[in-house]
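Written out below as structure tokens is the structure these notes cover.
There are 2 protein chains.
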Amino acid sequence: MPQKPRKRAKTSEVGVRDRLLDAADRLFYREGVRAVGIDRVLAEADAAKASLYQHFGCKDQLVASYLERRTGDARASIEAYLADTPPSQRGLKFFDWVVEWAESKDFRGCPLQHTVSELIDPAHPARAIAHGQREWFTERFREWTTAAGVKDAKATARALVVLFDGAVAGSEVDGPQRASDARWMAKKLLAG
Amino acid sequence: MPQKPRKRAKTSEVGVRDRLLDAADRLFYREGVRAVGIDRVLAEADAAKASLYQHFGCKDQLVASYLERRTGDARASIEAYLADTPPSQRGLKFFDWVVEWAESKDFRGCPLQHTVSELIDPAHPARAIAHGQREWFTERFREWTTAAGVKDAKATARALVVLFDGAVAGSEVDGPQRASDARWMAKKLLAG
DNA sequence: TTGACAATAGACCGATCTGTCTATATTGTC
DNA sequence: GACAATATAGACAGATCGGTCTATTGTCAA
Numbered sequence: 001m002p003q004k005p006r007k008r009a010k011t012s013e014v015g016v017r018d019r020l021l022d023a024a025d026r027l028f029y030r031e032g033v034r035a036v037g038i039d040r041v042l043a044e045a046d047a048a049k050a051s052l053y054q055h056f057g058c059k060d061q062l063v064a065s066y067l068e069r070r071t072g073d074a075r076a077s078i079e080a081y082l083a084d085t086p087p088s089q090r091g092l093k094f095f096d097w098v099v100e101w102a103e104s105k106d107f108r109g110c111p112l113q114h115t116v117s118e119l120i121d122p123a124h125p126a127r128a129i130a131h132g133q134r135e136w137f138t139e140r141f142r143e144w145t146t147a148a149g150v151k152d153a154k155a156t157a158r159a160l161v162v163l164f165d166g167a168v169a170g171s172e173v174d175g176p177q178r179a180s181d182a183r184w185m186a187k188k189l190l191a192g
Numbered sequence: 193m194p195q196k197p198r199k200r201a202k203t204s205e206v207g208v209r210d211r212l213l214d215a216a217d218r219l220f221y222r223e224g225v226r227a228v229g230i231d232r233v234l235a236e237a238d239a240a241k242a243s244l245y246q247h248f249g250c251k252d253q254l255v256a257s258y259l260e261r262r263t264g265d266a267r268a269s270i271e272a273y274l275a276d277t278p279p280s281q282r283g284l285k286f287f288d289w290v291v292e293w294a295e296s297k298d299f300r301g302c303p304l305q306h307t308v309s310e311l312i313d314p315a316h317p318a319r320a321i322a323h324g325q326r327e328w329f330t331e332r333f334r335e336w337t338t339a340a341g342v343k344d345a346k347a348t349a350r351a352l353v354v355l356f357d358g359a360v361a362g363s364e365v366d367g368p369q370r371a372s373d374a375r376w377m378a379k380k381l382l383a384g
């Protein structure tokens, strides 16, 4: 009988792959992907080195998987946050989400920006993830500005991307005030 | 006779300290301060290891000195760029400078943002440099918005900081279009 | 019980990292 | 020429890096 689902249990209730991703997420986001070595991830995940290479093949792929899950979770979080907001007001409401993120205890800036700036190889698998997330953002901003009925919706959407990047990058060095500043301007922009 | 200026000549016409800083600037900015090791800097500068530690003491100090010179040069470049522009229009003109920077061949994003995100130690000497440059920017924006005569000059100045950060961070991943987008919004903001 | 599979533990490899050290060469001043 | 200062060249140390490997343990299904 070929390959039943094969239950996963072991001593812990969560699989080693998820533990590795959890550990990588915490450490890579907090300290950067170059500053954190494999051994640190293994210790944090309480896992064996062979498990990491069995599931991810190499560190670069672990980095890409870390980013992939981060961005997926972010999309889900944003969509849930905006679900009860009418489409015409989602553009502004999104910046409430950004403010909350910037004010959260573990906020450390944008994981995409950090990773792209640390890994200059244009063929690195993490770059494709980052690119995909950027496109998703661009598309959402287009939707929101169109729904808001502003004139020049495309240019406004591009401007909101700039505001978002500025909010996140600025909050990392100056504190969450920058996110509020971005929201202030987004409100102006979406009013007209 | 204690300590005459003591001419510096040697085989090359530029001192080893400047050669080290030039090499560090190129490599650190292009690839990041963690990705580039001491040996790479020494080879690029054609200098000896003892010279580096004689002049800078440790790598962290070299990083701080690299940032210090970068930011000093940036200030001079900006001030020269704006010298012929009347104060009331400097806020917008500044974003022309940003666009030109983002379009330049070697543009790789903001060295301050990169370094701060790579070195999480709050006591790292490079952080003080970054903080100083951020304050300088904030002060200039305050001047420019005040001179432009916009109402709510302080809030507008903070918004321009966000636009600047977004222009630079966005241009790094999406290309210089983001800097133009930021300029577009700055124009709107400074018009009213 | 047995065998397949997934996980752990950790030795090991070669490379690279920051930093220290000794030894030598070059330079300008006396 | 002698001296002090500054530079170079490079061995060396101790730690860490990513990655491979062997050996062992624990779990489940037949």
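Chains A and B, in that order, are what the protein sequence lines are.
In terms of our numbering, the first sequence opens at residue 1 and continues consecutively.
In terms of our numbering, the second sequence opens at residue 193 and continues consecutively.
Quick reminder that beta carbons are idealized off the backbone N, C-alpha and C, glycines included.
query, result
"Rounded C-alpha distance that separates R282/B from A374/B", "15 Å"
"CB contact check: E172/A to chain B, cutoff 9 Å", "yes"
"Sub-9 Å separation of L67/A and A23/A beta-carbons", "no"
"Cα-Cα separation, Y221/B to A155/A", "31 Å"
"Where the alpha helix (DSSP H) through Q177/A begins and ends", "177-191"
"Cβ neighbours of M377/B in the same chain (closer than 8 Å, five flanking residues each side left out)", "L355"
"Where G341/B falls, given that 16 or more other Cβ within 10 Å makes a residue buried", "exposed"
"Min CB distance C250/B to chain A below 9 Å", "no"
"Pairwise C-alpha distance: A322/B and R209/B", "22 Å"
"Cβ shell of A351/B (< 7 Å), same chain only, five flanking positions each side left out", "L381"
"Reduced DSSP secondary structure (H/G/I, E/B, other) of H124/A", "coil"
"Selected residue, minimal CA-CA separation from R334/B, among Q305/B, F286/B, R370/B", "F286/B"
"Own chain, CB closer than 6 Å to C302/B, minus 5 neighbours either side, in chain order", "V360"
"Residue-level contact to chain A via CB, I230/B, 9 Å cutoff", "no"
"Residues near T263/B in its chain [Cβ-Cβ closer than 6 Å; skip 5 each side]", "Q325"
"Per-residue DSSP class, three states only, for E135/A", "helix"
"Short Cβ contact (9 Å threshold) for L20/A with L62/A", "yes"
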